[in-house]
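Below: the structure, in structure tokens.
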């Protein structure tokens, strides 16, 4: 089955500590709640590679895997793009301008 590229959207995510674990969640100010978990490469939540609070730009789609809790899925083969704080602010500003 081919990957449906139209289901994926650019999303800014960041690594955060939740319940004693490092998780990747959407940055506030987007269409997705910051409480959603992001299923992505383990490297993105590795504090030895990326410090806690590192922001990434990913291509993700919302899914619920057979009726379970919704989460964002990032294809494992996509490149990891680290965002600076300025890039993150610019991305979020562009998102706000594009809203209806």
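Residue numbers (full-length UniProt numbering): 1 to 100. Virtual Cβ for every residue (Gly too), placed ideally from N, Cα, C.
Starting from residue 81, trace the beta strand (DSSP E) both ways and give me its first and last residue. 81-83 is the extent of the beta strand (DSSP E) around residue 81.
Helix, strand or coil for residue 41? Go by DSSP, reduced to three states. Residue 41: coil per DSSP, three-state reduction.
Please state if the CB of residue 92 and the CB of residue 12 are separated by a distance shorter than 9 angstroms. Cβ distance < 9 angstroms, so residue 12 and residue 92 count as in contact.
Have a look at the DSSP bridge pairing and note the partners of residue 17. DSSP lists 22 as partners of residue 17.
Just to confirm, is the Cβ distance from residue 69 to residue 15 under 9 angstroms? Taking a C-beta distance under 9 angstroms as the contact criterion, residue 69 and residue 15 do not qualify as a contact pair.
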